Each structure stands twice: as structure tokens, then as C-alpha cells.
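The sequence shown begins at 1 in the numbering used here and counts up one residue at a time.
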Amino acid sequence: MPEARERLIVALDVSSAAAAQKIVAAVGESASIYKVGKQLFTAEGPQVVRDLIASGRKVFLDLKFHDIPSTVASAVREAAQLNISMLTVHASGGAKMLRAASEAAANSASKPLVLAVTVLTSLSDSDLQEIGISGRVLDQTLRLAALARANGCGGVVASADEARQIRRMVGEGFAFVTPGIRPRSGDVGDQARVVTPAEAIAAGATHIVVGRPITGAHDPAAAARQIVQEIASSVETQSAVSA
1 MPEARERLIV
11 ALDVSSAAAA
21 QKIVAAVGES
31 ASIYKVGKQL
41 FTAEGPQVVR
51 DLIASGRKVF
61 LDLKFHDIPS
71 TVASAVREAA
81 QLNISMLTVH
91 ASGGAKMLRA
101 ASEAAANSAS
111 KPLVLAVTVL
121 TSLSDSDLQE
131 IGISGRVLDQ
141 TLRLAALARA
151 NGCGGVVASA
161 DEARQIRRMV
171 GEGFAFVTPG
181 IRPRSGDVGD
191 QARVVTPAEA
201 IAAGATHIVV
211 GRPITGAHDP
221 AAAARQIVQE
231 IASSVETQSA
241 VSA
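Here it is, written out as C-alpha cells:
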């Protein structure tokens, strides 16, 4: 299990390398893993990833690949050449696509962790029904998590609301990355399902993704340290309970 600082992923949801570098500098040594998503990658391309890794940071490339198996496998191979630590694919791409992505990552030199995105945290039960998926968010999340595990993925991305059930189903040794993290006093923004850092870790998350509560803070380093401390405290509490 990674130490507390290695369980925090800071989301660089900005539109320029300069803005990203400013955040990284402000956070300093309080965090080491950064998420590069569609906005920043589209604006700056792979060079922003190379620069982050050259500076000693780890990168979670969150582009949510979703295409035919051969196309996704090719994309994963290219992403792996950037020496990223984690990347995302959509679990709804199906078993063949998930297997192709997992094999491409496993056969690369850097072997990034392939995380399958289950149900986006912006979606509710009624949203799923609107797009033709019957059942609850929980049902769909569990179904896709099982599919991801069976086809070689190293973990999933899902709301902490489903973490306990997923952890019981897949067991240990499977990464669980949770977005939609907000301190109790924070604005939930466009997320439909949010939890605090401590709640996410207690529910079984191995990593949490935090954006605006850190990047928009007056002191990003202090905000990151506070969240890391909350993670560490939650881990200690869990250890004491299970001892």
C-alpha cells in the first residue's frame, strides 16, 4: 500500500503548461502524482507530460480511451512511452478492448497501471436510465469493475459511494481511484456524488483525485498537506480497527 503522499493525485485541470507548472511549483513536495486530463493534454500535447516526469513527478494520464481494441492498444503503447504511471480507459468499451489495453501496458517498458473508468461521478441513476442503461449506478459500477478485473486491468476509477461493494467483490491488490473528492466545506461543483478524503480511504480507495480544493486554494501546498494528513489519519484508524 502506498504511503499517504503517494495516494493523493492532484488534478491539473488547466489549459496551459504555464498554469500547470505554477500549480506544481506551489504544491511543491506536498504531492508527487499529477493528473493530466483532456483539457491540458489537448492544449499542450505530450510535452507537458514529459516535462512533469522530467521534474521528478509521476503522471496519471486521464484520457479515458474508448475505441476499438486495436486503436486503444496502440494508444496505450504510445502513452506508455511517455513513462506515465497510470492511464484510463472506459470499462464500457468491453472485454476485448480492456484486454487489449491491459496487454499493451504489460508488454511496455514502463508498464503503466491501466485503470478502467466505471460510471462517471457526474452521473446519477436517472442519467443512466436516460441513456438506456437499466438499474442503479451501483449495479453498473459493479458490473464494469468485475469486467475490468477479469480482463487484466490493474484497477478502476469510481465514486467512493461504490468502494466498499467493489472492494468486497474484487478483494485486495486492485487499485481504486476515486474522483469527486471535496472537503466538507468545499463546493461540489458539477459532481453528483462526492465524499471527503477520509471517507474515500475508509471506503477502500487506494488513491484520491483532488482538483480545485488544492489548485484553487490560497496556499496549495498547505491544502495538499492537510489532505495527506487526513489520508494518513484514516489509514491509521483503519489499521487500529483491524488490529
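Ideal Cβ placement from N, Cα and C applies to all residues, glycine included. Just so you know, these numbers come straight off a predicted model, no measurement behind them.
Would you mind reading off the limits of the beta strand (DSSP E) that contains residue i?
i: V117; result: L113 to V117
i: L8; result: L8 to A11
i: V36; result: I33 to G37
Excluding the 5 residues flanking residue i on each side, which residues of the same chain have their C-beta closer than 8 Å to its C-beta?
i: A217; result: A223
i: R57; result: V24, S32, I33 and Y34
Rounded to a whole number of angstroms, what is the C-alpha to C-alpha distance between residue i and residue j?
i: S92; j: R149; result: 13 Å
i: G94; j: E130; result: 20 Å
i: S233; j: G28; result: 21 Å
i: A158; j: D139; result: 12 Å
i: I201; j: I181; result: 11 Å
i: E236; j: V195; result: 19 Å
i: A221; j: R50; result: 23 Å
i: G204; j: G45; result: 33 Å
i: V72; j: R5; result: 31 Å
Does the Cβ of residue i have 16 or more other Cβ atoms within 10 Å, making it buried, or fewer, making it exposed?
i: S16; result: exposed
i: N151; result: buried
i: E162; result: buried
i: S126; result: exposed
i: R7; result: buried
i: S85; result: buried
i: D219; result: exposed
i: Q229; result: exposed
i: T42; result: exposed
i: T121; result: buried
i: M97; result: buried
i: S70; result: exposed
i: A11; result: buried
i: G155; result: buried
i: A18; result: exposed
Tell me the DSSP bridge mates of residue i?
i: M86; result: F60 and L113
i: G155; result: L115 and A175
i: F65; result: V89
If you drop the 5 nearest sequence neighbours on each side, which residues of the same chain put their C-beta closer than 7 Å to that of residue i?
i: E172; result: none
Leaving out five residues before and five after residue i in sequence, what residues of the same chain have Cβ atoms less than 6 Å from its Cβ?
i: R212; result: none
i: I166; result: A145
i: C207; result: The amino acid occupying residue 207 in the given sequence is His; Cys does not appear at that position. For H207, where only same-chain residues beyond five positions count, the Cβ hits under 6 Å are R7, I9 and V177.
Can you tell me where the alpha helix (DSSP H) holding residue i begins and where it ends?
i: I214; result: R212 to T215
i: A265; result: Lying before the first or after the last residue shown, residue 265 is absent from the chain, which here runs from 1 to 243.
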